[in-house]
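> Can you read through this structure? Questions will come right after.
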Amino acid sequence: MLKFPTTSLAALTLALTGCNSAPQRADCPAGQVCLEYGNNSEPQTLDPGKANLVDEASIIGDLMTGLTTDGPDAVPVPGAATHWETSPDGLVWTFHLREAKWSDGVPVTADDFVYGLRRTLDPKIASIYAYLLYVIKGGQAVNEGKAPLDSLGVRALDPRTVQITLEHPAPYLPELLKHQSFFPVPKHVVEKYGDGWVKPGRYVSNGAFKLAAWRLGDRITVVKDPLFYDARNVCIDRVNYYPTPDVVSAERRVARGELDINTRFQSNRYERLKQTMPGVPHTDVSLAISYLSFNTRDVAAFRDIRVRRALSMTVDREFITAKLMRAGQIPAYSFVPAITANYVKDGPRLSWAGMPFAQRQTTAKALLAQAGFTAKRPLKLTITTPNNTDTLLLMEAIQADWRAIGVEVKIEQNESGVAFNAYRNRDFEIGSMSWYGDFNDPVTFLGLFKSDTGAQNYGDYKNPAYDALLAAADQEADAQTRAGILARAEKLIIDDEATIPIFFVVNRNLVSNRVTGWTDNAPNFHRTRWMCLRK
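Below, the structure written as structure tokens:
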């Protein structure tokens, strides 16, 4: 038995007593309004040009403001720009900036936007979202190192006027400009500190809040920026963002009043939560899809469409959504959510979608046998997944589905940031991910499969016919014709079994009844500047 000195035993007793007492809400300075925000995972970065995860974007969107920004309902509203004009051909957009300051008091100018856009496309930055900026004239050439940064189609006409010239008309540009990859960057700070500019004490922002502290594994703290152009209408004085990968623990923290918001809850607990925490669980159909990606670059078996089809056919989407998830998720036999704007009413579906599940299993076994995988020589694979509860349940169900057709499956769990680093570096065989639309248009989903997308084309899908259709859609002015072209493109990736769509996501947030200003919306963007707390 271990023995402790008297003083250590006393300290241990106090520690244990503390563990058994009711958890306390973080102290809030007298007279201030403090929001405690469960944000799912630990961010890897708060650099707008390097961020990738939704949980990073949630914080960056409070710290930084683009030319446009999210209204309470996630519809784009004027941000750093008060208004703008578009040329008759839709190619030249001129934005007029409001008078604003960085959190260190330096004026925000058009040069900061030019610098930020060039920086996102700079090959040295290796931004995973650089492809989004290919809509800007010269963007792809700059990102591929084929043209200098100053050749990019963005100019500062004067300190408060930014002009962006596009490769093709993009009426959804105000939606795009809300995305962090289009945000300004404080040139005077970045050039002083380099990549270290994002550390507390150095981070300079132009949004409603400024970075106060980052305690790794504990919390990120931001405080209201009095220099923000609309500071008088910002109610919240401080926000603590906590990583909350254990959603059941986070649920209890919300119930105790320790957290005001948590950005996820365990899906199959929805009915229970409605009874135990009335008004707190919020669900609505999301502009998002849950899917699996094949590493076709390194796993030879996945280059065989018979293998990909067999695996996709035998995922029991109806069981997963109705029996496992149980919060309103919709089985996915396509990739673009039906609620997406600027799209056809009834898009393409997987050719075998209407086949009974038992027949799909029989067909899948035959396809695997044709590809050389039998009981004597089974297909063996590993699913790499983030370690949140819902995803693990989902992967265990898929593991059982595939074992039923003779596939040997292992599950490898990682913290979210580690898992996505593995996906980006192709250090996986099958990856589990969800894609939340960056803007409300089919291109945010279909763009993932372009051959020049880069790291986020996790399956390395390459099809010249597909690329040609997306290019044709970019040049098409008629909205209905464009939607039809995009539907033909989706049919290609569906017919090629480029990925395994599982279900269309439902947003699942826990929001205390004390929180005001929260508006449910499909993109699931909620900026803290619009919120407040009842006493």
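Heads up, the sequence shown is in my numbering, so the first residue is 255 and it goes up one at a time. Using N, Cα and C, we set each Cβ at its ideal position, and we do this for glycine too.
Helix, strand or coil: which one does DSSP assign to PHE757?
The residue given as residue 757 occupies position 503 in the sequence shown. Strand.
> Among HIS422, GLY333, ARG473 and ALA726, which one has its Cα closest to the Cα of GLU802?
Here the chain comprises residues numbered 255 to 789, so residue 802 is not present and cannot be evaluated.
> With three or more C-beta pairs closer than 8 angstroms as the rule, is the region 777-784 touching the region 575-588?
No: the two stretches stay apart, fewer than three of their Cβ pairs being nearer than 8 angstroms.
> In or out: LYS432 buried (at least 16 other Cβ within 10 Å) or exposed?
In the sequence shown, residue 432 corresponds to position 178, counting from 1. Looking at its Cβ environment, which holds 16 or more other Cβ atoms inside 10 Å, LYS432 is buried.
> Which one of ASP479, ARG762, ARG409 and ASP774 has the shortest CA to CA distance from VAL502?
Here residue 502 refers to the residue found at position 248 when the sequence shown is read from its first residue. Measuring from the Cα of VAL502, the nearest candidate turns out to be ARG762.
> In its own chain, which residues sit with a C-beta less than 7 angstroms from the C-beta of ARG680, not counting the 5 before and 5 after it?
In the sequence shown, counting from the first residue as 1, residue 680 sits at position 426. Hits under 7 angstroms: ASN549, ARG551 and ASP552.
> Looking only at its own chain, which residues have a Cβ that is under 7 angstroms from the Cβ of THR773, when we skip the five neighbours before and after it?
Taking the sequence shown and counting its residues from 1, the one referred to as residue 773 is at position 519. Within the same chain, THR773 has close Cβ partners PRO326 and ASP327.
> CB-CB under 8 angstroms to ALA485, same chain, minus the five flanking residues each way: which ones, in chain order?
Sequence index remark: in the sequence shown, residue 485 carries index 231 (1-based). The answer, listed in chain order, is ALA462, LYS478 and ASP479.
> Let me know if GLY608 comes out buried or exposed under the rule of 16 or more other beta-carbons within 10 Å of its beta-carbon.
Locating residue 608 in the sequence shown gives position 354, where the first residue counts as 1. When all chains shown are included, GLY608 counts as exposed.
> Tell me the DSSP bridge mates of GLU662?
Working through the sequence shown from its first residue, we reach residue 662 at position 408. Answer is LYS634.
> Among MET579, ARG580, ARG414 and MET567, which one has its Cα closest to the Cα of PHE588?
Mapped onto the sequence shown, residue 588 falls at position 334. Contrary to the premise, residue 588 reads as Ser rather than Phe in this sequence. Looking at the Cα atoms, MET567 is the closest of the given residues.
> Going along the chain, which unbroken runs of the alpha helix (DSSP H) with 4 or more residues stay wholly within the region 513-597?
524-530 and 559-567
> Throw me the rounded Cβ distance for the TYR690 and LEU541 pair, which I believe falls under 8 angstroms.
The count along the sequence shown starts at 1 and reaches residue 690 at position 436. The count along the sequence shown starts at 1 and reaches residue 541 at position 287. Right, the Cβ-Cβ distance comes to about 7 angstroms (below 8 angstroms), so this counts as a contact.
> Please give the ranges of any alpha helix (DSSP H) in the region 302-384, keeping only runs that are unbroken, at least 4 residues long and fully inside the region.
Counting only runs that start and end inside the region 302-384, the alpha helix (DSSP H) elements of at least 4 residues fall at 308-317 and 364-375.
> Between which two residues does the beta strand (DSSP E) holding TRP689 run?
As a working note, residue 689 is residue 435 in the sequence shown. Start and end: 684-690.
> Answer yes if the region 581-597 comes into contact with the region 712-730, meaning at least three C-beta pairs across the two stretches below 8 angstroms, and no otherwise.
The region 712-730 vs the region 581-597: no contact.
> CA-CA distance, ASP692 and GLN278?
Taking the sequence shown and counting its residues from 1, one reaches residue 692 at position 438. Taking the sequence shown and counting its residues from 1, one reaches residue 278 at position 24. The alpha-carbon atoms of ASP692 and GLN278 are separated by roughly 36 angstroms.
> Given VAL343, which residues of its chain have a CB within under 8 angstroms of its CB, disregarding the five upstream and five downstream residues?
By 1-based counting over the sequence shown, the position of residue 343 is 89. Looking at the sequence provided, one finds Asp at residue 343 rather than Val. PRO423, listed in sequence order.
> Considering only residues of the same chain and omitting the five flanking positions on each side of ASP316, which have a CB-CB separation below 8 angstroms?
Here residue 316 is taken as the residue at index 62 of the sequence shown, counted from 1. These residues qualify, in order along the chain: GLY461, ALA462, PHE463, VAL476, VAL493, ARG781, THR782 and ARG783.
> Excluding sequence positions up to five away, which residues of its chain have a Cβ less than 6 angstroms from the Cβ of LEU604?
Here residue 604 corresponds to residue number 350 of the sequence shown, with the count starting at 1. The beta carbon of LEU604 is closer than 6 angstroms to those of TYR587 and ILE748 in its chain, skipping five residues each way along the sequence.
> Does the beta-carbon of PRO440 have 16 or more other beta-carbons within 10 angstroms, so that it is buried, or is it exposed?
As a first step, residue 440 is located in the sequence shown; it is residue number 186 there, counting from the start. Buried: at least 16 other Cβ atoms inside 10 Å.
> What is the rounded straight-line gap between the Cα of PHE202 and the Cα of ILE543?
With the chain covering 255 to 789 only, the question about residue 202 has no answer from this structure.
> Where VAL760 and THR537 are concerned, what is the direct C-alpha to C-alpha distance, given to the nearest angstrom?
Along the sequence shown, one-based indexing puts residue 760 at 506. Along the sequence shown, one-based indexing puts residue 537 at 283. One C-alpha to the other measures close to 6 angstroms.
> Would you list the one or two residues that DSSP bridges to GLY292?
Taking the first residue of the sequence shown as position 1, residue 292 is located at position 38. BP columns for GLY292 point to TYR496 and ASN516.
> In its own chain, which residues sit with a C-beta less than 6 angstroms from the C-beta of GLU296, not counting the 5 before and 5 after it?
Numbered from its first residue, the sequence shown carries residue 296 at position 42. So the list reads PRO497, once near-sequence residues are dropped.
> Runs of 3 residues minimum, wholly inside the region 398-470: which ones carry the beta strand (DSSP E) assignment?
List check, beta strand (DSSP E) in window: 408-412, 415-419 and 463-469.
> Just curious, the beta strand (DSSP E) that LYS478 is in, first and last residue?
Along the sequence shown, read from residue 1 onward, the residue named residue 478 stands at position 224. Per DSSP, LYS478 belongs to the beta strand (DSSP E) from 473-478.
> If you drop the 5 nearest sequence neighbours on each side, which residues of the same chain put their C-beta closer than 6 angstroms to that of GLU666?
Position 412 of the sequence shown holds residue 666. Excluding sequence neighbours, GLU666 sits near THR636 and THR638.
> Is GLN529 buried or exposed, if buried means 16 or more other CB atoms sit within 10 Å of its CB?
Walking along the sequence shown from the start, residue 529 turns up at place 275. So GLN529 ends up on the exposed side.
> Can the beta-carbon of PHE482 be found closer than 8 angstroms to that of PRO302?
Start at 1 with the first residue of the sequence shown, and residue 482 comes out as number 228. Start at 1 with the first residue of the sequence shown, and residue 302 comes out as number 48. Not in contact: PHE482 and PRO302 (Cβ atoms no closer than 8 angstroms).
> Could you tell me the boundaries of the alpha helix (DSSP H) in which MET649 lies?
For the purposes of this step, residue 649 is taken as residue 395 along the sequence shown, with counting starting at 1. It spans 643-657 - the alpha helix (DSSP H) in which MET649 sits, taken as one unbroken run.
> Note down the Cα distance separating LYS391 from LEU420, rounded to an integer number of angstroms.
As a working note, residue 391 is residue 137 in the sequence shown. As a working note, residue 420 is residue 166 in the sequence shown. When the Cα atoms are used, LYS391 and LEU420 turn out to be separated by approximately 5 angstroms.
> With the cut-off set at 8 angstroms, would you say LEU702 and ASN711 are in Cβ contact?
Residue mapping note: residue 702 aligns to position 448 of the sequence shown, counting from 1. Residue mapping note: residue 711 aligns to position 457 of the sequence shown, counting from 1. With contacts defined as CB atoms closer than 8 angstroms, LEU702 and ASN711 qualify as a contacting pair.
> Are the CB atoms of PRO413 and ALA364 within a distance shorter than 8 angstroms?
For the purposes of this step, residue 364 is identified with residue 110 of the sequence shown, where counting begins at 1. For the purposes of this step, residue 413 is identified with residue 159 of the sequence shown, where counting begins at 1. If you check the CB distance, ALA364 and PRO413 come in under 8 angstroms.
> Name the DSSP bridge partner or partners of PRO640?
For the purposes of this step, residue 640 is taken as the residue at position 386 of the sequence shown. In DSSP, PRO640 forms a bridge with ASN668.
> Would you check if the region 284-299 and the region 401-412 touch, i.e. whether three or more CB-CB distances between them fall below 8 angstroms?
The count of Cβ pairs closer than 8 angstroms, one atom from the region 401-412 and one from the region 284-299, stays below three, leaving the stretches out of contact.
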